Amino acid sequence: MRYAGVPDRLAGLGSAKWEVHLRARAAKAEGREVIELTIGEPDVPTPPELIEEAHRAMLAGRTGYSNGQGEPLLLAALARRYSARRGRTIGADQVTCLPGTQTCLYATFRTLLEPGDEVLVGDPMYATYEGLIAQTGATMVPVPLRAERGFRIDPADVEARITPRSRVLFLNSPHNPTGAVLRREDIAALGEVARKHDLWIVADEVYEDLVFPGVPFASPLDLPELAERTVVASSISKSHSAPGFRSGWVVGPAEFAERLLPLSETMLFGSQPFIADMTAMAVSGPPTVAQGMAERFAARAAMVQRALDGVAGLRVHRPEAGMFALVDVRATGLSGRDFALSLLAEREVAVMPGESFGEGLRGWIRLSLTVEDGLIARAMERIAAHAARLRENAA
Ligand SMILES: Cc1ncc(COP(=O)(O)O)c(C=O)c1O
Numbered sequence: 009m010r011y012a013g014v015p016d017r018l019a020g021l022g023s024a025k026w027e028v029h030l031r032a033r034a035a036k037a038e039g040r041e042v043i044e045l046t047i048g049e050p051d052v053p054t055p056p057e058l059i060e061e062a063h064r065a066m067l068a069g070r071t072g073y074s075n076g077q078g079e080p081l082l083l084a085a086l087a088r089r090y091s092a093r094r095g096r097t098i099g100a101d102q103v104t105c106l107p108g109t110q111t112c113l114y115a116t117f118r119t120l121l122e123p124g125d126e127v128l129v130g131d132p133m134y135a136t137y138e139g140l141i142a143q144t145g146a147t148m149v150p151v152p153l154r155a156e157r158g159f160r161i162d163p164a165d166v167e168a169r170i171t172p173r174s175r176v177l178f179l180n181s182p183h184n185p186t187g188a189v190l191r192r193e194d195i196a197a198l199g200e201v202a203r204k205h206d207l208w209i210v211a212d213e214v215y216e217d218l219v220f221p222g223v224p225f226a227s228p229l230d231l232p233e234l235a236e237r238t239v240v241a242s243s244i245s246k247s248h249s250a251p252g253f254r255s256g257w258v259v260g261p262a263e264f265a266e267r268l269l270p271l272s273e274t275m276l277f278g279s280q281p282f283i284a285d286m287t288a289m290a291v292s293g294p295p296t297v298a299q300g301m302a303e304r305f306a307a308r309a310a311m312v313q314r315a316l317d318g319v320a321g322l323r324v325h326r327p328e329a330g331m332f333a334l335v336d337v338r339a340t341g342l343s344g345r346d347f348a349l350s351l352l353a354e355r356e357v358a359v360m361p362g363e364s365f366g367e368g369l370r371g372w373i374r375l376s377l378t379v380e381d382g383l384i385a386r387a388m389e390r391i392a393a394h395a396a397r398l399r400e401n402a403a
């Protein structure tokens, strides 16, 4: 039988990126004690009061069909939260609730992009971005993110890649995998470029609440002059340690929400009212779960830096947010992939090769900060020993 081209286009993008992770899981299944620093999942359970709220809502009959935009109670809670945080009125008619940031971005790109359009996106990038763009038939235009700029995207690098087909500037701040956080000045300068070339700004802010203590968070929604062209997606996956609930939202101009609605209705016919009630509770309270994580991950990032920076030529890039730290392993003479494969085989530590996130991280590895301190310390000793041995062999 014949199939459309989209599944093939997407299938080619995923599996190779997860090679080391899958090998680590296979080794664990065979009984080997691998320290797994590959994927990042929140290190605490979903708060019981949120689970209780979902349970209460289910028992109270909140199990019927919803509508394509979202439950009014949750739309209002999100409008309040964004108005308070962004310092200007954001209405419930500007919000759409969908299952997770991932679905929000998928539907947003379906709403904004035609085949042949171009999307400018920082490289390295989160593993699913290539597929999110490819599903629309649009072309991804990678914009190199440079370590010496703290991996914050440079407006001049964006401008240099603009063509008549450029349509969307796709931002991710706080950024996965680099942990970079855009400053207000960065966003203002990027906004100038977007206005000059009439681009949409689509921002993935799923790590907003995981900014490390003392680092300021800024959003394109802060700037009223960008309001007509800004779409922000987020969820409770990271902030409330609740990825399995698949509860996210997208905030943009009211017209954007209107245009998105038929797509949301066609795909989903509405999401679950009991999850909406739970999410409304989550987004109405202070982000205490996320703050705890941000403090722990910041401390572990400092541990990684103390343990590895300058050891056997390794360089640590200290993140400002999120769940990961990056290490430059080029001094060992290996690619990120070869370093990660040999580290797993010889020292039973699993890390992600930088190459899984784009060409910009060739020769780097990414470490997850979501395992407990003792394991991080052991893993750092093994990585340091591995790098030292590789350097000796290369000498
Ligand atoms: C940058 C980024 N965006 C989106 C997601 C997915 O978020 P959600 O669970 O809300 O779909 C992740 C998950 O790791 C992520 O790192």
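Heads up: the sequence shown begins at 9 in my numbering, then just goes up one per residue. Beta carbons are placed, not taken as given, at the ideal position from N, Cα and C, and that holds for glycine. Every value quoted in this text rests on a predicted model; they were computed, and no experiment measured them.
Quiz item: Along the chain, which unbroken stretches of the alpha helix (DSSP H) at least 4 residues long are found entirely within the segment 188-268?
Solution: Correct list: 192-204.
Span separating the alpha-carbon of R169 from that of T71 | So the two alpha carbons sit approximately 48 Å from each other.
Rounded C-beta distance between S376 and L45? I'm assuming under 8 Å. About 5 Å separates the two Cβ atoms, so the contact holds.
key: Residue range of the unbroken alpha helix (DSSP H) whose run includes P107   = Judged by DSSP secondary structure, P107 falls outside any alpha helix (DSSP H); it is assigned neither H nor E.
Practice problem: For G368, collect the residues of the same chain with a Cβ closer than 7 Å to its Cβ; drop the 5 residues on either side in sequence, then sort them by chain order. | Solution: If we look at G368 and ignore the five residues flanking it on each side, its Cβ neighbours are D131, P132, P152, L153.
Along the beta strand (DSSP E) that carries L67, what are the first and last residues, could you check? Not the beta strand (DSSP E): L67 falls in the alpha helix (DSSP H), residues 56-67.
Practice task
Check each candidate in Y134, A333, F305, A302 and name the one with the smallest Cα separation from D317.
Solution key: For D317, the nearest C-alpha among the options comes from A333.
Checklist line | Reduced DSSP secondary structure (H/G/I, E/B, other) of S279 | finding: Coil.
query = Between which two residues does the beta strand (DSSP E) carrying I384 extend?
reply = Run containing I384: none in the beta strand (DSSP E); it sits in the alpha helix (DSSP H), 381-402.
Check your understanding: CB of K246 to nearest heavy atom of ligand 1: below 8 Å?
Key -> For K246, the CB falls within less than 8 Å of some heavy atom of ligand 1.
Across the segment 81-101 and the segment 298-312, are there enough close Cβ pairs to call them in contact, namely three or more that are closer than 8 Å? Cβ pair count under 8 Å is below three, so no.
Nearest CA to the CA of C105: which residue from P55, F253, R93? Of P55, F253, R93, the residue nearest in Cα terms is F253.
Open item on the list: In whole angstroms, give me the CA-to-CA distance for E380 and E41.
Closed with: One C-alpha to the other measures close to 15 Å.
| task | Throw me the rounded Cβ distance for the M8 and V129 pair, which I believe falls under 8 Å. | result | Given a span of 9 to 403 for the chain in the structure shown, any question on residue 8 remains unanswerable.
For M311, which residues does DSSP report across the bridge? Beta-bridge pairing links M311 to no other residue.
* With a CB to CB cut of under 8 Å and the five nearest residues on each side skipped, what residues in its chain are close to A202? -> Cβ-Cβ distances below 8 Å link A202 to L177, W208, I209, L234, R237 in the same chain, with the five nearest sequence neighbours on each side left out; the list follows chain order.
inquiry  = Any heavy atom of ligand 1 inside 8 Å of the beta-carbon of Q143?
reply    = No; taking the cut-off as 8 Å, the Cβ of Q143 has no heavy atom of ligand 1 nearer than that.
- Can you grab the Cα-Cα spacing for the pair P56 / V297, in whole Å? Distance from the CA atom of P56 to the CA atom of V297, rounded to whole angstroms, is 12 Å.
Report task. For T97, collect the residues of the same chain with a Cβ closer than 7 Å to its Cβ; drop the 5 residues on either side in sequence, then sort them by chain order. Result -> Counting only Cβ-Cβ distances below 7 Å, and skipping sequence neighbours, we find S91.
Worksheet item: Among the residues of its own chain, which have a CB less than 8 Å from the CB of Q299, if the five just before and after it don't count?
Response: Within the same chain, D217 come within 8 Å of Q299 by CB-CB distance, once the 5 residues on both sides are set aside.
Look up H183 in the DSSP assignment and say whether it is helix, strand or coil.
The DSSP-derived three-state label of H183 is coil.
Answer with buried or exposed for L7, where buried requires no fewer than 16 other C-beta atoms within 10 angstroms of its C-beta. A question about residue 7 goes unanswered here, because the residues of the chain that appear run from 9 up to 403.
> Out of curiosity, what's the CA-to-CA distance linking M5 and R355?
Replying inline: The question about residue 5 has no answer here: the residues shown for the chain are numbered 9 through 403.
Margin query: Could you compute how far the alpha carbon of V127 sits from the alpha carbon of S174?
Written below: Annotation: V127 to S174 spans about 6 Å, alpha carbon to alpha carbon.
(request) Output the residue ranges of the beta strand (DSSP E) runs that lie fully inside the segment 304-368 and measure 3 residues or longer, sorted by chain position. (result) Counting only runs of 3 or more, we get 323-325, 332-336, 357-361.
Any heavy atom of ligand 1 closer than 8 Å to the beta-carbon of V214?
Yes; taking the cut-off as 8 Å, the Cβ of V214 has a heavy atom of ligand 1 nearer than that.
Reduced DSSP category for F178 - H, G, I as helix; E, B as strand; rest coil:
Of the three classes helix, strand and coil, the one that applies to F178 here is strand, per DSSP.
Review point. Does the Cβ-Cβ distance between F365 and M331 come in under 9 Å?
Key: No; because the gap between Cβ atoms is not below 9 Å, this pair is not in contact.
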